[in-house]
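Q: Going by numbering that gives the first Met the number 0, the sequence shown opens with residue 0, and the numbers climb by one from there. Okay, here's the structure, questions in a sec.
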Amino acid sequence: MNTIGRILVGLISDRKLPCKYGKDRAQNRLWTYVSSLSLCDLLTAGILFCDGYITLVMYSGLFGLTLSSYVYFTSVLLVDLIGIEKLTNAFGLILLFQVLVLL
Numbered sequence: 000m001n002t003i004g005r006i007l008v009g010l011i012s013d014r015k016l017p018c019k020y021g022k023d024r025a026q027n028r029l030w031t032y033v034s035s036l037s038l039c040d041l042l043t044a045g046i047l048f049c050d051g052y053i054t055l056v057m058y059s060g061l062f063g064l065t066l067s068s069y070v071y072f073t074s075v076l077l078v079d080l081i082g083i084e085k086l087t088n089a090f091g092l093i094l095l096f097q098v099l100v101l102l
């Protein structure tokens, strides 16, 4: 599901959204990222209600689908927010803090 999610997120993020404020693609990418991770958080909070194999499989599939935006959007959003010239420093700091959280 993660691979399918990456493809879907890539297709959605490269298009203008059909709403009043959907013309700015950088803003669309940010909103897609935030909404996808928020949905992933809600799914993770709801894992307490998974009482069988089927519900756990459904959770795992939806988790992979929504978490795929994190991997896809990390470098793209960094370029949108701080520019290409500072990408390596910002990406290094992100990786540093991810490692610190895992310790």
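Glycine residues also receive a C-beta, built at the ideal position from the N, C-alpha and C atoms.
Could you check the C-alpha separation between Trp30 and Tyr52 for me, to the nearest Å?
A: For this step, residue 30 is matched to residue 31 along the sequence shown. For this step, residue 52 is matched to residue 53 along the sequence shown. C-alpha separation (whole angstroms): 32 Å.
Q: DSSP three-state label for Arg5, please.
A: One-based indexing of the sequence shown puts residue 5 at position 6. Arg5 falls in the helix class under three-state DSSP.
Q: Would you kindly work out how many angstroms separate the C-alpha atoms of Arg14 and Ala25, rounded to a whole number?
A: Taking the first residue of the sequence shown as position 1, residue 14 is located at position 15. Taking the first residue of the sequence shown as position 1, residue 25 is located at position 26. Answer to the nearest angstrom: the Cα atoms are 10 Å apart.
Q: Going by the beta-carbon positions, is the gap between Asn1 and Ser74 smaller than 8 Å?
A: Here residue 1 is taken as the residue at index 2 of the sequence shown, counted from 1. Here residue 74 is taken as the residue at index 75 of the sequence shown, counted from 1. No, Cβ-Cβ distance for Asn1 and Ser74 is not below 8 Å.
Q: In chain order, what residues of the same chain lie with their CB nearer than 7 Å to the CB of Leu76, ignoring the 5 residues before and after it?
A: On the sequence shown, position 77 is the one that residue 76 refers to. Counting only Cβ-Cβ distances below 7 Å, and skipping sequence neighbours, we find Arg28, Leu29 and Tyr32.
Q: Assign Gly51 to one of three DSSP states: helix, strand, or coil.
A: Here residue 51 refers to the residue found at position 52 when the sequence shown is read from its first residue. Three-state result, Gly51: coil.
Q: Quick one: give me the first and last residue of the alpha helix (DSSP H) that Gly91 is part of.
A: Locating residue 91 in the sequence shown gives position 92, where the first residue counts as 1. Leu86 to Leu101 is the extent of the alpha helix (DSSP H) around Gly91.
Q: With distances taken between CB atoms, is the gap from Gly4 to Thr87 smaller than 8 Å?
A: The count along the sequence shown starts at 1 and reaches residue 4 at position 5. The count along the sequence shown starts at 1 and reaches residue 87 at position 88. No, the pair does not count as a contact, with Cβ atoms beyond the cut-off.
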